[in-house]
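Same order as they appear, the protein sequences are chains A and B.
Residues in the first sequence are numbered consecutively from 21, following the working numbering.
Residues in the second sequence are numbered consecutively from 46, following the working numbering.
All C-beta atoms, glycine included, are put in the ideal place defined by N, C-alpha and C.
Accompanying notes for the structure given below.
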Amino acid sequence: MFYALSYLIWLPVQGLFIRLLSAAAERVLLLVEHPPILTALTASGSSITIHSYVMGASQPLTRMNCESFHITVVTALALALSVPLKRWSTRAKACGLALTVVFFGILAVCVVQLEWAAEVYASTHLGITLYTASEKEFLDWAIRKTSLAAVYLVPAFLFLVSYLSVWSAPARVDVKEPDRRKGIAQTPGRSFRIGWPIVTVAAAGCVIAGLLLIPTHDDRNGRVDLEGLQKIVTLNPSAPRAHFYLALNLEKAGRLDEALVSYQQALQLQPNLAGAHLGAGNVYYRRGAYDQAARSYEEALKREPQNAAARYNLGNTFLKRGLFDLAAQSYEEAAQSDPDDASVQKMLGETLMHLNRRCDALAHLERSTVLDRRLSTDATLLANISILKSTCRPQ
Amino acid sequence: MSDHRRKDSTKGLRAPGSGPPARPGWFSTASARLTARFCVLFILLIVLFSSITSTRFVGVVLHDHLTRFIATLSARVLALFGTALASGQFLSLNGFGASIEGACDGVQPTYIYVAAVLAFPSTWRAKGWGILIGIPAIFLINFIRVATIMLCGAYWPNWFERVHLYGWQALVIALTMAVWVFWAELFVRPGHQAPS
């Protein structure tokens, strides 16, 4: 009966609990991870999405299902309710204490499981490891121990302590009211004081509030920690993706020379890594070495002919060198690979304008404004469309 | 020493009939001391048992033999419901196979129970009875757990995960506590606990 009642209490608060857990775990990770690997957590329903910069983009790394955490909460609540306390208000206080203690137990489980989930994803899908051997050993140990503690130990401990408080209450009553000793001894719990749970709940509330007050970065979803990436490269010196992700983030940080070295290291380990060719091309492009950039993009396209980004960037190098025919051809191929990319449509339209193919240019420029509404306020683009509309003479 | 303690525990209390007693301060009552002593002892025993059961030696001697025994015993009982086979820690019923892992052998609830019995203020005789009754009871609970989970997996596979994770994990610890309450109520009566 108490088990069913606990479920009834739990179901409406599950979402809130997971959100609070996610927020607290994010702060704990900030405190315990040096350098940080997991930068942000977002809760939705009963799962937590893990964000990290390791893939070189601000996209979620993986997702962890937290549904099983309810076992601990429901068990602890059910056991707290089953302590023979006469007043329901006292039972409610005991439940509050149970929920608070359980929250911290689950928080510990959640933090280690999140780190482990990220590690498992990175090793199976990316071929890299995020933590050192000793850190992984500790995580493995911690998962086993914290899971045991959360599922069995914490609910049992709370129950036993509450029961003992009820049990030992007659000893105090004996001294206070000796005349009624006999009667009270048969009904333990009548005078049970639960002042200590309130103190504990209040203290725990302060700790949770303190945790939530730890400032996080505004851009934590896209936050990059180069120290963390260096650590990953050190842990995975022969993993091309480790060098590749470091290079991507170095490039983003504007450290082009180091980024190029890392791209080249990735290519030495895996010459057919198209992304690394593309990245090296971008570095050359930003340095103004358009010939080298074009060669890198062509290498990327040899490996991945449908890579729209490489086609588009190749078109840009042609445009920079004044080769409008070749640029238009590249943009057209990029548009075929990714017809919904507004930037490709815009560049293709502008290049076709240079080539005096006005009606084709108009169609692509208009399409770019449809694909990206922000472009509809671009004054230059609107002026070009207006000119093309007045000068386009369909044959 | 005991007189001194008794004096402390009644500190701040007035004589009967002289008005309401003063509210005892934090941690000043016998009850609070008893609870604190229990908490410390219980946690120390849990750390001790957890360390012992985590060792390689105990892993081989206790966990391996226990899981094999549970598998063999379960197979004999489950044979009443279909074709049951046991091989080492693996168990199958009507083609549904499962492995009895270390966490499913009932050792963890058992040492939580034993720690609770040993830490609880009672006589050594009562503690002895508690261990003697409790360990077989928890083994039985775990055995019923394994058997019902296997039956569920073989006949209602859609319910296997729910029964395994959500139902029995909570039930095991709830039933372990029920065994403890049974022991405490039957063998350690109120008013007879050892002095704090």
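Taking one beta carbon from each stretch, the segment 166-182 of chain A and the segment 289-298 of chain A have fewer than 3 pairs nearer than 8 Å; the two do not touch. The DSSP-derived three-state label of residue 70/A is strand. Distances from the alpha-carbon of residue 187/B to those of 116/B, 100/B, 81/B put 116/B closest.
According to the DSSP assignment, residue 117/B belongs to the alpha helix (DSSP H) that extends over 110-123. Shown here for residue 330/A: same chain residues with a beta carbon closer than 6 Å to its own, the five before and five after excluded, namely 298, 317, 320, 321 in chain order.
Contact annotation: residue 127/B and residue 192/B have beta-carbon atoms that are not nearer than 9 Å.
By the neighbour-count criterion, in which a residue is buried when 16 or more other Cβ atoms sit within 10 angstroms of its Cβ, residue 302/A is buried.
In the three-state reduction of the DSSP assignment, residue 88/A falls in the coil class.
Here the C-alpha atom of residue 328/A lies approximately 39 Å from the C-alpha atom of residue 153/A.
Nearest neighbour of residue 148/A by Cα position, chosen from 347/A, 371/A, 74/A, 279/A, turns out to be 74/A. Burial is judged here by how many other beta carbons sit within 10 angstroms of a residue's own beta carbon; residue 202/B has fewer than 16 and is exposed. Separation of the CB atoms of residue 178/A and residue 101/A is rounded to 11 Å, and the pair is thereby denied contact status at 8 Å.
Residue 80/A carries a strand assignment under DSSP once its states are collapsed to helix, strand and coil. Non-local C-beta neighbours of residue 194/B in its own chain, meaning closer than 8 Å and more than five positions away in sequence, comprise 143, 205, 208, 209, 213, ordered along the chain. CA-to-CA, the gap between residue 390/A and residue 259/A works out to about 42 Å.
Under the three-state reduction of DSSP output, residue 132/B falls in the strand class. As computed with DSSP, residue 144/B is found in a beta bridge with 135/B. For residue 51/A, no beta strand (DSSP E) encloses it; the enclosing alpha helix (DSSP H) starts and ends at 22-52.
For residue 363/A, the three-state secondary structure derived from DSSP is helix. Not a single C-beta of chain B is nearer than 9 Å to the C-beta of residue 158/A.
When the five nearest sequence neighbours on each side are left out, the beta carbons in the same chain lying within less than 8 Å of the beta carbon of residue 91/B are those of 156, 157, 160, in order along the chain. Between residue 90/A and residue 133/A, the C-beta spacing is not below 9 Å. Using a Cβ-Cβ cut-off of 9 Å, residue 124/A is close to nothing in chain B; its nearest Cβ partner there is about 15 Å away. In this structure, the CA atom of residue 143/A is about 10 Å from the CA atom of residue 151/A.
In the displayed model, residue 150/A falls within coil according to three-state DSSP, outside both helix and strand. The beta carbon of residue 171/B sits closer than 7 Å to the beta carbons of 232, 233 from its chain, once the five residues preceding and following it are set aside; these are given in chain order. Exclusion of the five residues before and after residue 137/B leaves 130 as the residues of its chain whose Cβ lies within less than 6 Å of its Cβ. In this structure, residue 129/A places its C-beta atom within 9 Å of the C-beta atom of residue 92/A.
For a Cβ distance threshold of 7 Å, residue set 222 of chain B lies close to residue 179/A, ordered along the chain. Look at residue 114/A here: in three-state DSSP terms it is helix.
For residue 175/A, the neighbours in chain B by C-beta distance under 9 Å run, in chain order, 215, 218, 219, 222. One finds 168, 172 in chain A with Cβ atoms closer than 7 Å to the Cβ of residue 153/B, taken in chain order. For residue 87/B, the nearest beta carbon of chain A is closer than 9 Å to its own beta carbon.
Residue burial annotation: residue 308/A is exposed, with fewer than 16 other C-beta atoms found within 10 angstroms of its C-beta. Taking 9 Å as the cut-off, the beta carbon of residue 311/A is found closer than this to the beta carbon of residue 341/A. Residues of the same chain with a CB within less than 7 Å of the CB of residue 358/A, apart from the 5 flanking positions on each side, are 328, 364 in chain order.
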